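Visitor:
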Amino acid sequence: FGDPVVAERLAQMQIVRPDVTRNDATDQTLLQHWGVMGPPTLILVGPNGTEHRDLRMVGEVNKSEFLARLDEAGTP
């Protein structure tokens, strides 16, 4: 996230970035739990632990779309 505007927004959030490159049983369990086929997938989860499923991002997303989804999720 090299863009300063994006970096500033993300600095206000808790980021979890699991490494699933081993593709072992633990990785598969995590992917199945969230219903993810593989990276890159960005999931926005609210303070109550509920995913904003309609705002999920799969693959590359441009800056304006990314920031719009953060806004829609009500992130700081």
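Going letter by letter, the sequence shown gives residues 2 to 77 in our numbering. Just so you know, even glycine gets a beta-carbon here, dropped at the ideal spot from N, CA and C. These numbers were taken from a predicted model, which means no experiment stands behind them.
1) Taking the beta carbon of residue 45 as the centre, do at least 16 other beta carbons fall within 10 Å, making it buried, or is it exposed?
2) For the alpha helix (DSSP H) holding residue 72, just list the boundary residues, first then last.
3) In chain order, which continuous runs of the alpha helix (DSSP H) of length 4 or greater are located wholly inside the stretch 21-58?
4) Less than 8 Å between the C-beta atoms of residue 31 and residue 19, yes or no?
5) Going by C-alpha distance, which of 16, 75, 38, 71 is nearest residue 60?
6) Specify, as a first and last residue, the run of the alpha helix (DSSP H) that residue 9 falls within.
7) Looking only at C-alpha atoms, which of 58, 13, 74 sits nearest to residue 35?
Guide: On the basis of the supplied data:
1) Per the 10 Å Cβ criterion, buried.
2) Counting along the chain, the alpha helix (DSSP H) containing residue 72 begins and ends at 64-74.
3) Fully enclosed alpha helix (DSSP H) runs of 4 or longer: 26-35.
4) yes
5) 38
6) Looking at the DSSP string, the run of the alpha helix (DSSP H) that includes residue 9 is 5-11.
7) 58
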